[in-house]
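This report refers to the structure that appears directly beneath it.
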Amino acid sequence: MRTFALTALAILLAGPAFAQSATEKTGVNSLIGVAPTTEDFVLKAATGDMFEIESSKLALERADAPTKTFAQQMVADHQKTTDEMKQLIEVGKVKATLPTSMTEAQQETLDKLKALQGADFTERYHADQVSAHKDAVDLFKRYGDEGENADLKAWAAKTRPALEHHLMMAEDLNK
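What the sequence shown shows, in mature numbering (1 follows the signal peptide of the UniProt record, and there is no 0), is residues -19 to -1, 1 to 156, in sequence order.
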């Protein structure tokens, strides 16, 4: 009985520690406008950059000329943001761990994109870019407005206008 009570207490006390990460993962924080934790922000921003870079490299091989121009800028710009965030972590201004791979969902999306060619590829790439940039703008806005690390918060706020421009460019590809 005593073991059960201690286990139940441990579970109850652990809940709040995981709540913010769980709500960020499920999208609840985004819906209510709550800033992610620093660790969640770094994870989402870094994996977002990975997806942008890898999907855009694929577009450089398979897409039409206007899409290739967009994709080239996405590779360059997202590599730049990856390098900037990595620098903040390496110099100790941000206490977080950079992920080494995309999320499972991002990898599945990339794998589906790899299976497409021609107009089907281009259409799916455009849709993925709009979706990814909407998510990125929201993430960077929430952290830039209310983030807990001052250096990362300033960087997120400074970076957001470029992401908003990317979103506008991605939406224009569909016109």
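Don't be surprised by glycine CBs; every beta carbon is placed ideally from N, CA and C.
Own chain, CB closer than 6 Å to residue i, minus 5 neighbours either side, in chain order
i           : result
residue 158 : For residue 158 there is no data in the structure shown, the boundaries of the chain being -19 and 156.
T63         : D30
K74         : D132
Inter-residue spacing [alpha-carbon to alpha-carbon] between residue i and residue j
i     : j    : result
D132  : T28  : 20 Å
E89   : S37  : 15 Å
G128  : T19  : 7 Å
L148  : L79  : 24 Å
D153  : E145 : 12 Å
K49   : L41  : 5 Å
A46   : A138 : 32 Å
D21   : A96  : 30 Å
Q60   : G99  : 26 Å
M55   : F32  : 10 Å
K134  : A44  : 35 Å
D92   : D119 : 25 Å
T81   : N155 : 32 Å
F51   : A86  : 23 Å
G(-5) : G14  : Because G(-5) sits at a pLDDT of 40, beneath the cut-off of 50, its placement in the model cannot be relied upon, and the following sentence gives the value as read from the coordinates. Cα-Cα distance, rounded: 21 Å.
Y124  : A117 : 11 Å
Residue i burial status per 10 Å Cβ neighbour count (16 or more: buried)
i    : result
T7   : For T7, the predicted structure reports a pLDDT of 47, less than 50, and the residue's modelled location is therefore unreliable. A value from the coordinates is still provided. It is exposed - the Cβ of T7 has fewer than 16 other Cβ atoms within 10 Å.
K25  : buried
A57  : exposed
A151 : buried
N130 : buried
Neighbourhood of residue i by C-beta distance below 8 Å, restricted to the same chain and skipping five residues each side
i   : result
K67 : L79
L94 : S36, L39, F102, R105, Y106 and D109
M83 : T28, M31, F32, E35 and L91
Rounded distance between the beta-carbons of residue j and residue i, thought under 8 Å
i    : j    : result
V16  : D126 : The sequence given here has Ala at residue 16, not Val. A16 to D126, Cβ: 7 Å. Contact.
W136 : E65  : 7 Å
Beta-carbon contacts of residue i that lie in its chain and below 7 Å, excluding the five residues immediately before and after
i    : result
K122 : R141
A143 : D58
Q53  : L41
L69  : V75, D132, L133 and W136
Exercise. Would you say the stretch 101 to 115 touches the stretch 33 to 53, given that touching needs at least three Cβ pairs under 8 Å?
Worked result: yes
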